[in-house]
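The sequence shown begins at 1 in UniProt numbering and counts up by one.
Just so it is clear, CB atoms sit at the ideal spot from N, CA and C, and this is done for glycine as well.
Since this is a predicted model, take the numbers as computed values, not measurements.
A short write-up of the structure that comes next.
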Amino acid sequence: MSLPFDTLDALMPMHLQISRDGRLRHAGPTLRKLLNSSVGEGRHFADVIEVYRPKRAETLPMLLELAGRRLQTRLRCGRRVALKGLVMPDGAGGAIVNLSFGIGVVDGVRMHSLTSTDFAVTDLAIDMLYLVEAKSAAMEASRTLNRRLQGAMMVAEQRAFTDALTGLQNRRAMDEALKRLIRGGERFAVLHLDLDFFKQVNDTRGHAAGDRVLQAVARVMIDLTRKNDFVARVGGDEFVIILDGLTDRGRLAELADRLIERIEHPIPVDGDICRISASIGIAFNRPDAMPMETGAQLLERADEALYSAKRHGRAQHAFSDEDVVRELP
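Below is the structure:
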């Protein structure tokens, strides 16, 4: 005597019951979902599933010859899903074919919107689905954490290379930029800028006013330099500008004069006016020099030019003596 349909549906939600004439008697509820409910009783089993391994089986006798062996099948109705199967005689001249997704269960669940209720409670697919969901959740959590860590690292790195007051690059960033450009054999100019009369602002109006003046000077330098130029605050009122690829003395002199002229504009601070100026020393990187000059040596020459400008009255620029006597080609 064959088992009731509801018993088989609970034990094997993806089964087919085939009568002695090879026709479908019943299909489990999950299998009906895959078939889009398009299969009714009375159709021949070969119209519903294609058994192609270990060999083709298009009649019930051929199918029963494969009893107990692992089958590879495809659905002929609905989506042509590949399924694993096992066929056994039902004791009444017919057969029962139990089907499963095998390792393709995750794709099957996603494709057909299946849930845990579509599988037998003893089916290992349920545990596998829980593991897959847990793994997906863990991977998403890991990706989120990695994104946060990368963002935090970028922020930390940016802070490590940024002057907090002005938003310009800092001395550490300048050192790295000089190393990179010198190592690459690039021709560039370094402008070392020091503010004149800034100490009087701090002494008479306080450090808060001095900070506002430094921020205003930083905006001037950003306004007058190119987007890819390097601008850094390297000390209290000292700044360095690195101009990659610009070594024309005339253009550099013009830029230095414009910087000084703009910095000399009155700076309003809390209803008062602050007045400062600037002196600038200019030095060129010489990639053909032997031995190759270091960043510290280049800055030292720019610093010497800066103090030459100060000695000659401030509010002006000067080129490094070595660059004056040795023009770049």
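Q. Residue range of the beta strand (DSSP E) that methionine 88 falls in?
A. Secondary structure note for methionine 88: its beta strand (DSSP E) is the uninterrupted segment 82-89.
Q. Rounded to a whole number of angstroms, what is the C-alpha to C-alpha distance between cysteine 274 and arginine 258?
A. 19 Å
(Q) Within the continuous alpha helix (DSSP H) that includes phenylalanine 5, where are the two ends? (A) 5-11
Q: Identify whether residue 344 lies in helix, strand or coil by the three-state DSSP scheme.
A: The first residue shown for the chain is 1 and the last is 329, placing residue 344 beyond what the model contains.
Q. Touch check for the region 39-52 and the region 105-125: three-plus C-beta pairs under 8 Å?
A. Contact between the region 39-52 and the region 105-125 is not established, with fewer than three Cβ pairs separated by less than 8 Å.
Q) Taking all protein chains shown into account, do 16 or more other C-beta atoms lie within 10 angstroms of the C-beta of histidine 15, making it buried, or fewer, making it exposed? A) buried
Q. Shortest alpha-carbon distance to glutamate 254 belongs to which of Ser142, Asn146, His317?
A. Across the set Ser142, Asn146, His317, the C-alpha of His317 shows the shortest separation from the C-alpha of glutamate 254.
Q: Return the chain-ordered list of same chain residues with a C-beta closer than 6 Å to the C-beta of aspartate 229, the five sequence neighbours on each side being excluded.
A: Leu243
Q.
Excluding the 5 residues flanking glutamate 50 on each side, which residues of the same chain have their C-beta closer than 7 Å to its C-beta?
A. Thr73, Arg74, Arg76
Q. In chain order, what residues of the same chain lie with their CB nearer than 7 Å to the CB of serine 277, ignoring the 5 residues before and after it?
A. For serine 277, where only same-chain residues beyond five positions count, the Cβ hits under 7 Å are Asp196, Phe197, Ile260, Ile263, Glu264, Arg314, Ala315.
Q | glutamate 140, DSSP secondary structure in three states | A | helix
Q: Check each candidate in Arg56, Asp90, Ala95, Pro287 and name the one with the smallest Cα separation from lysine 179.
A: Pro287
Q.
Could you tell me the alpha carbon to alpha carbon distance between proline 329 and leucine 298, rounded to whole angstroms?
A. Confidence at proline 329 is low in this model, with a pLDDT of 39, below 50, so its placement is unreliable and the value that follows should be read with caution. Taking the straight line joining both Cα atoms gives about 18 Å.
Q.
Give me the residue from Leu24, Val234, Arg212 with the minimum Cα distance to proline 268.
A. Arg212
Q) For alanine 283 versus alanine 305, is the C-beta distance shorter than 8 Å? A) yes
Q. Since aspartate 107 is in the beta strand (DSSP E), which residue starts that stretch and which ends it?
A. First-last for aspartate 107: 105-112, but that is the alpha helix (DSSP H), not the beta strand (DSSP E).
Q) Among the residues of its own chain, which have a CB less than 8 Å from the CB of valine 48, if the five just before and after it don't count? A) Leu16, Leu24, Ala27, Leu35, Val39, Leu75, Arg76, Cys77
Q: Return the Cβ separation of arginine 233 and asparagine 170 in integer angstroms, given the expectation that the two are a contact with Cβ distance under 8 Å.
A: 7 Å
Q. So, using beta-carbon positions, are leucine 214 and threonine 166 closer together than 8 Å?
A. Yes, they are a contact pair.
Q | 7 Å CB neighbourhood of glycine 102 in its chain, flanking five on each side removed | A | Lys84
Q. Under the rule that 16 or more other beta-carbon atoms within 10 Å means buried, what is histidine 207, buried or exposed?
A. Its Cβ having fewer than 16 others within 10 Å, histidine 207 is exposed.
Q: Identify whether glycine 281 lies in helix, strand or coil by the three-state DSSP scheme.
A: Glycine 281 falls in the strand class under three-state DSSP.
Q) Is histidine 312 helix, strand or coil when you go by DSSP? A) coil
Q.
Tell me the DSSP secondary structure of alanine 209 in three-state form.
A. helix
Q) proline 268 bridges to which residues according to DSSP? A) Note: proline 268 sits in a beta bridge opposite Ile273.
**Q.** proline 291 burial status per 10 Å Cβ neighbour count (16 or more: buried)
**A.** exposed
(Q) If you follow the beta strand (DSSP E) that glutamate 254 is in, where does it begin and where does it stop? (A) Not the beta strand (DSSP E): glutamate 254 falls in the alpha helix (DSSP H), residues 249-263.
**Q.** Residues bridged to alanine 120 (per DSSP)
**A.** Residue pairing of alanine 120 in beta bridges, as defined by DSSP: absent, with no partner found.
(Q) Helix, strand or coil for leucine 149? Go by DSSP, reduced to three states. (A) Leucine 149 carries a helical assignment under DSSP once its states are collapsed to helix, strand and coil.
Q. Thinking just about the alpha-carbon of each residue, which of Leu71, Gly236, Ile241, Gln200 is nearest to the one in arginine 226?
A. Ile241
**Q.** Nonlocal neighbours in the same chain, by C-beta distance under 7 Å from threonine 162, ignoring five residues either side
**A.** Gln169, Asn170
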